[in-house]
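Novice: Structure below; questions to follow.
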Amino acid sequence: MKTPVAGINISKDKLIVYFQGKFYEFPNDKQGFEEVMPRGCKVGIKSTGVYHVNLAKYEVRVINPLVIKKFKDFRGKKSDKNDAKKLAELVVNM
Numbered sequence: 001m002k003t004p005v006a007g008i009n010i011s012k013d014k015l016i017v018y019f020q021g022k023f024y025e026f027p028n029d030k031q032g033f034e035e036v037m038p039r040g041c042k043v044g045i046k047s048t049g050v051y052h053v054n055l056a057k058y059e060v061r062v063i064n065p066l067v068i069k070k071f072k073d074f075r076g077k078k079s080d081k082n083d084a085k086k087l088a089e090l091v092v093n094m
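So that you can map any letter, position 1 of the sequence shown is 1 in full-length UniProt numbering, and since no number is skipped, the others follow by simple counting.
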C-alpha cells in the first residue's frame, strides 16, 4: 500500500490541505488536520518559516520556492487550493 500524500499551503492563520482528492481548510493549529491526515502521511509544503511546526509528526518535505517555480505549470492559476494540489503532486514525483 502506498503512503498517503498531502499538499499543504501554509499561512500564519490557516492551512489549505489537499489530501486524497479533496480540499480542506483548517486553522493553523493541531486540532483540525489530525482528524483528516493519518500519522506517517507524506506532506509537501513550501518553505514558510516556522508556520509548519504543527506538522512535526508527519513526514514533511519542505520544498524550496525555486524548485516550485521550475515545476511545469505550477502557477497556472494562482490560488491557495492550486498550490496545495501541486505540492502534493511534487511529493508524489519525488
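Backbone N, C-alpha and C fix where the C-beta goes; we use that ideal spot for every residue, glycine too.
Got a sec? Which residues, its chain only, sit under 6 Å from histidine 52 by beta carbon, not counting five neighbours each side?
Specialist: Closer than 6 Å at Cβ, skipping near neighbours: Ile10 and Ile45.
Novice: How far does the alpha helix (DSSP H) with valine 91 in it reach, from first residue to last?
Specialist: Its alpha helix (DSSP H) spans residues 80-92.
Novice: Just to confirm the assignment, what range does the beta strand (DSSP E) spanning tyrosine 24 have?
Specialist: Here the beta strand (DSSP E) through tyrosine 24 covers 22-27.
Novice: Tell me whether valine 50 is buried or exposed, calling it buried when 16 or more other Cβ atoms sit within 10 Å of its Cβ.
Specialist: With fewer than 16 Cβ atoms within 10 Å of its Cβ, valine 50 is classed as exposed.
Novice: Just checking my contact of lysine 14 with phenylalanine 26 at CB under 8 Å: how many whole Å lie between their CB atoms?
Specialist: At roughly 7 Å, the Cβ-Cβ gap stays under 8 Å, so lysine 14 and phenylalanine 26 are in contact.
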